[in-house]
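The block underneath contains the structure these notes are about, expressed in structure tokens.
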Amino acid sequence: MSSKKSGFTAFCLLVASMLVVSACGVTTPSIASPQAPATVVPATMAAPVLLPTATMTALPTPVEIFSWWVGPGEADGLAAMVALFNHEYPQYTIVNAAVAGGGGTNAQAVLATRLAAGDPPDSWQAHAGQETIGTYVAGNEVKPLDDFFASTGFGKVLPATLLPLISKDGHPYSVPVDIHRSNVMWYNPKVLAIAKVTIPVGGFTNWNDFFKACDKIKATGKVCLSLGPEGFTAMHLFENVMIGTMGAAKWDGLWTRPPTTNWNGPDVRTSIANFQKALSYTNSDALTLSDWQPASKMVADGDAAFNIMGDWAEGYFANAAPNGLALKPHVGFDWTPAPGTQGIFVFLSDSFVLPIGNKNPDGTMAWLALAASKAGQEAFNPLKGSICARTDCNPAFFSEYSQGAMQDWATDIVVGSLTHGVVANNNWKAAIDTALKLYLTDPTRADQFQGALAAACKSAGSCQ
Amino acid sequence: MLRKFTLHIPHMIMAIALMFLGMVALFILNTARLVIAGKDFTSLALILSGLITYCGVLIVVIMFHNEKVLSVGLLLPSIAAVAVFVYGFIGWSIRISLSRWQGLQPDYTWVGLKQYVLLFTDNPRFIIDIRNTGMFTVLFILGCLALGLGFAILLDQRLKGEAIFRSIFLFPMSISFIASGVVWAWLMNPSTGDHLAGINLMFHLLHLDFLISNWFTSPQPWGMAYTVIPAIWQLSGFTMALYLGGIRSISEDMREAARVDGASEFQIYRYIILPLLQPITLSAVIILAHMSLKIFDLIVALGNQDIRLDVPGIYMWTTTFAAGNYAQGAAIGVLMLISVAVLVVPYVVSTIRSETEL
Chain A
657 MSSKKSGFTA FCLLVASMLV VSACGVTTPS IASPQAPATV VPATMAAPVL LPTATMTALP
717 TPVEIFSWWV GPGEADGLAA MVALFNHEYP QYTIVNAAVA GGGGTNAQAV LATRLAAGDP
777 PDSWQAHAGQ ETIGTYVAGN EVKPLDDFFA STGFGKVLPA TLLPLISKDG HPYSVPVDIH
837 RSNVMWYNPK VLAIAKVTIP VGGFTNWNDF FKACDKIKAT GKVCLSLGPE GFTAMHLFEN
897 VMIGTMGAAK WDGLWTRPPT TNWNGPDVRT SIANFQKALS YTNSDALTLS DWQPASKMVA
957 DGDAAFNIMG DWAEGYFANA APNGLALKPH VGFDWTPAPG TQGIFVFLSD SFVLPIGNKN
1017 PDGTMAWLAL AASKAGQEAF NPLKGSICAR TDCNPAFFSE YSQGAMQDWA TDIVVGSLTH
1077 GVVANNNWKA AIDTALKLYL TDPTRADQFQ GALAAACKSA GSCQ
Chain B
127 MLRKFTLHIP HMIMAIALMF LGMVALFILN TARLVIAGKD FTSLALILSG LITYCGVLIV
187 VIMFHNEKVL SVGLLLPSIA AVAVFVYGFI GWSIRISLSR WQGLQPDYTW VGLKQYVLLF
247 TDNPRFIIDI RNTGMFTVLF ILGCLALGLG FAILLDQRLK GEAIFRSIFL FPMSISFIAS
307 GVVWAWLMNP STGDHLAGIN LMFHLLHLDF LISNWFTSPQ PWGMAYTVIP AIWQLSGFTM
367 ALYLGGIRSI SEDMREAARV DGASEFQIYR YIILPLLQPI TLSAVIILAH MSLKIFDLIV
427 ALGNQDIRLD VPGIYMWTTT FAAGNYAQGA AIGVLMLISV AVLVVPYVVS TIRSETEL
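Top to bottom, those sequences are chains A and B. The first sequence lines up with residues 657 to 1120 when you count with the working numbering. The second sequence lines up with residues 127 to 484 when you count with the working numbering.
Have a look at this one:
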């Protein structure tokens, strides 16, 4: 062998031995500080070596919270709750794994991937109701919260009509943190004054009275009811028309298994007729708007009289620029229940769940305890613009609208929103969404729409 | 083959060392995890260990001095990766499309072709998808070919700033469809009256009000035709580049001969250049069609999930991730694959055949 070749051989042997030595230096899953470098531990070929507990208690263990709260208001609320948590539970530290976009659809797609890979976060945001039950409970990803509700007394401070909606077979599965109301109709008092329209105390009692008011508004050249694009705004309007037409009991009856209200029956038919009439009073460029905000802005600008939108619109109207329009309540904007829905609180709620198989179960319990506590909800909700799920929060922290909403939350009949995942799971809601979008392309085809809704009920496995 | 085997001790030692090292690493990583600075590198380390072992094997193969075996051996990791991650997953998608998986828990119950049957019967949304894709594909291909050929002929006139124009025409291709979709959505804003914006506003300011259009909110099915405009804007430069290369490769002698014979420029283009460009037209059609059959990002940026502009890609995404209908999503995906394969496979087969004939 030439010396060149023997030198080369020696070099290769040296590299090989170096790689062998470094391959021995593997560490084990450490739930200690994430900044720990790779340590050289004598490799035993047996089960992973755990670091001694002494090192673990010195550093806070991470609790990974997954949400889609990245926008103005909601991100602030989450930050306030995280700060409170880190203060009260110094042995844990929150890892904020929020995913932006799509009103939660992007986050849910990422979450589905993680759950399929067996890597659940320590808790995640989910809409309370069938979106949780139909997706995560049916998928065996979360545990029931009976013990938690019993030991913290959380169930006693929630409205009685709420508990069945967040439970399956009597076992609650989520900890509601905030409550938003869907059936709010925002209006511009100046536009109503010009058209000489007065709203009866407590709101319009039925849609026919509302249509009479719309005729007066139309006569002044303004749009009566502003509507946003196809996304969720059309379904939002549709559910409020349905609840306002058929009432709370029949609305609940649509979603029982099997339904006690017939999807092919006269209640749904009248609702669709009212919806068709309501669409005739909406702005013609509805489908071209980018999101719900331009439709609400039409009311703020005085181009439209009414806009039915959830109470996250209150933040948009009242907050300071650049996130809001800085309008004064009762002057620049005002509110009333959607026609036909007095005494009804159509709710949606963001909640947290107790996963199966996550890395830090004790951390999860601590987070749920905070999310259910009075202090936690009082820290989160005023910043987000929602109200507490608990009925005992201090009203002083909240805006005038929210104080009224808190009173209604405690006294009204609570029913669930379809648009925001309370009464129907994702699959059923998507089928209704497709039927609704097809209907919007031609609002005269009411029978076809009703047939498609009945078919959606069948394909969801609820109707026969 | 064995006759050519020459044992080279240093190489053999290295090969054995590498194989040993790789297998030891694989064994360790099977039971423990590799965490560096808080990030889990186990899967990456597993791949590297496998490759190290394989390097050792290859060194032994080199000693056999057989080119065929060595070339197959060098390609084997890539072939294996493609086989698993492309064809394996395609097969898995086909398997899922033949099930009724709905929701987070997999459900592989065999239902045969039920998902496909349901898509084609009593599913107005899928019919809209097919119609939209067909219209988009036809208009997109025709537009790109026409514009691309036009630009190529123009640039063929040996202008002074040819390189600059060529670059300018090619620039749009480098933009992602999402970005151009968002900008064109602003330009093609369909609002009229008080909320005029975008190109409609420009028409109004130029007193060309009769041109103001509802763009893609026009009555169907023609609304979909407007979505073709950004696509053509982006890809006509690519078609132009293809054609320009083809036109340049036609020797000047043929044109000279035609001119001597008394043919006008137009006749030269029509009878000589265009027929010779047929193979390029074919490859351009294949590439553009395979893009348009799978179009997703442009339509989603333009239409914001307006159902009148629905295409199979968008339907697959919403039904899989928003509704959790994994089986239906897989079926739509397989149908998209088949529609592209019908186009691409014959072309590739004929290309390979003609190349081997040469």
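A virtual CB, placed ideally from N, CA and C, is assigned to each residue, including glycine.
Strictly below 8 Å CB to CB, what residues from chain A border residue i?
i	result
residue 206/B	Per Cβ cutoff of 8 Å: no residues; residue 206/B is ~22 Å from chain A at best.
residue 445/B	1086
residue 451/B	1083, 1086
Closer than 7 Å by beta-carbon distance: list the chain B residues that pair up with residue i, in chain order.
i	result
residue 1016/A	By Cβ distance, chain B contributes nothing, its closest Cβ being about 15 Å from residue 1016/A, past 7 Å.
residue 976/A	Within 7 Å Cβ-Cβ: nothing; residue 976/A doesn't reach chain B, min ~25 Å.
residue 1093/A	433
residue 765/A	447
Under 8 Å Cβ to Cβ from residue i, same chain only, skipping five residues before and after it: list those, please.
i	result
residue 245/B	252, 454, 457, 458, 461
residue 1081/A	786, 787, 789, 790, 791, 794, 1116
residue 140/B	182, 185
residue 282/B	370, 373, 374
residue 925/A	1102, 1106
residue 445/B	451, 454, 455, 458
residue 394/B	381, 384, 385
residue 226/B	233, 235, 237, 240, 241, 453
In three-state DSSP terms, what is residue i?
i	result
residue 764/A	helix
residue 886/A	coil
residue 321/B	helix
residue 1085/A	helix
residue 1104/A	helix
residue 1005/A	strand
residue 1059/A	helix
residue 937/A	coil
residue 478/B	helix
residue 748/A	strand
residue 173/B	helix
residue 991/A	strand
residue 997/A	coil
residue 356/B	helix
residue 1050/A	coil
Can you pull the chain B neighbours of residue i, defined as C-beta to C-beta under 8 Å?
i	result
residue 792/A	230
residue 944/A	315, 316, 317, 343
residue 984/A	Per Cβ cutoff of 8 Å: no residues; residue 984/A is ~25 Å from chain B at best.
residue 885/A	430, 432
residue 1097/A	346, 433, 434
residue 771/A	230
Whose C-beta lies closer than 7 Å to the C-beta of residue i among residues of the same chain, with five residues either side of it excluded?
i	result
residue 219/B	456, 459, 460
residue 172/B	152, 155
residue 359/B	298
residue 271/B	365, 407, 410
residue 972/A	949, 952, 980, 981
residue 601/A	Residue 601/A lies beyond the stretch modelled for chain A, which goes from 657 to 1120, so this question has no answer here.
With hydrogens ignored, establish whether the beta-carbon of residue i is closer than 7 Å to any heavy atom of the ligand FAD.
i	result
residue 901/A	Absence of the ligand FAD is noted for the structure shown, with no ligands found whatsoever.
Which chain A residues are close to residue i, counting only those with a beta carbon under 7 Å from its beta carbon?
i	result
residue 457/B	Within 7 Å Cβ-Cβ: nothing; residue 457/B doesn't reach chain A, min ~15 Å.
residue 448/B	761, 1082, 1086
Please compile the residues from chain B whose C-beta is within a distance smaller than 9 Å of the C-beta of residue i.
i	result
residue 797/A	230, 231
Check the Cβ of residue i against every Cβ in chain A and list those closer than 9 Å, keeping chain order.
i	result
residue 251/B	1090, 1093, 1094
residue 438/B	Simply none; closest approach about 14 Å.
Return the chain-ordered list of same chain residues with a C-beta closer than 6 Å to the C-beta of residue i, the five sequence neighbours on each side being excluded.
i	result
residue 295/B	277, 363, 366
residue 847/A	878, 958, 961
residue 860/A	866, 995
* **the stretch 973 to 990 of chain A touching the stretch 859 to 867 of chain A, judged by at least three CB pairs closer than 8 Å** => Flag = no, the stretch 973 to 990 of chain A and the stretch 859 to 867 of chain A do not touch.
* Whole beta strand (DSSP E) elements within the stretch 239 to 292 of chain B, 3-residue minimum -> none
* Kindly provide the ranges of any beta strand (DSSP E) runs that are 3 or more residues long and lie completely inside the stretch 788 to 868 of chain A, ordered along the chain. => 831 to 837, 840 to 843
* Asked: Any chance the stretch 304 to 320 of chain B sits against the stretch 399 to 406 of chain B, with 3 or more Cβ pairs inside 8 Å?
  -> no
* the stretch 848 to 863 of chain A in contact with the stretch 908 to 920 of chain A per 3-pair CB rule at 8 Å -> no
* Any alpha helix (DSSP H) of 4 or more consecutive residues that is wholly inside the stretch 368 to 433 of chain B -> With a minimum length of 4 residues, the unbroken runs of alpha helix (DSSP H) contained wholly in the stretch 368 to 433 of chain B fall at 378 to 386, 391 to 394, 404 to 419, 423 to 429.
* Asked: Within the chosen definition, does the stretch 1085 to 1105 of chain A reach the stretch 880 to 898 of chain A through at least 3 CB pairs nearer than 8 Å?
  -> At 8 Å Cβ cutoff, the stretches touch.
* Counting pairs of Cβ atoms below 8 Å between the stretch 204 to 222 of chain B and the stretch 422 to 435 of chain B, do you hit three or more? -> Counting Cβ pairs under 8 Å, fewer than three are found: no touch.
* With contact counted as at least three CB pairs below 8 Å, one residue from each stretch, are the stretch 942 to 960 of chain A and the stretch 873 to 885 of chain A in contact? -> yes
* Only counting runs of 3 or more residues, tell me where the beta strand (DSSP E) segments fall wholly within the stretch 868 to 928 of chain A, in order along the chain. => 879 to 882
* Could you tell me whether the stretch 958 to 974 of chain A touches the stretch 1022 to 1041 of chain A, where touching means 3 or more Cβ pairs closer than 8 Å? => yes
* Hey, is the stretch 770 to 781 of chain A in contact with the stretch 717 to 727 of chain A, meaning 3+ C-beta pairs nearer than 8 Å? -> yes
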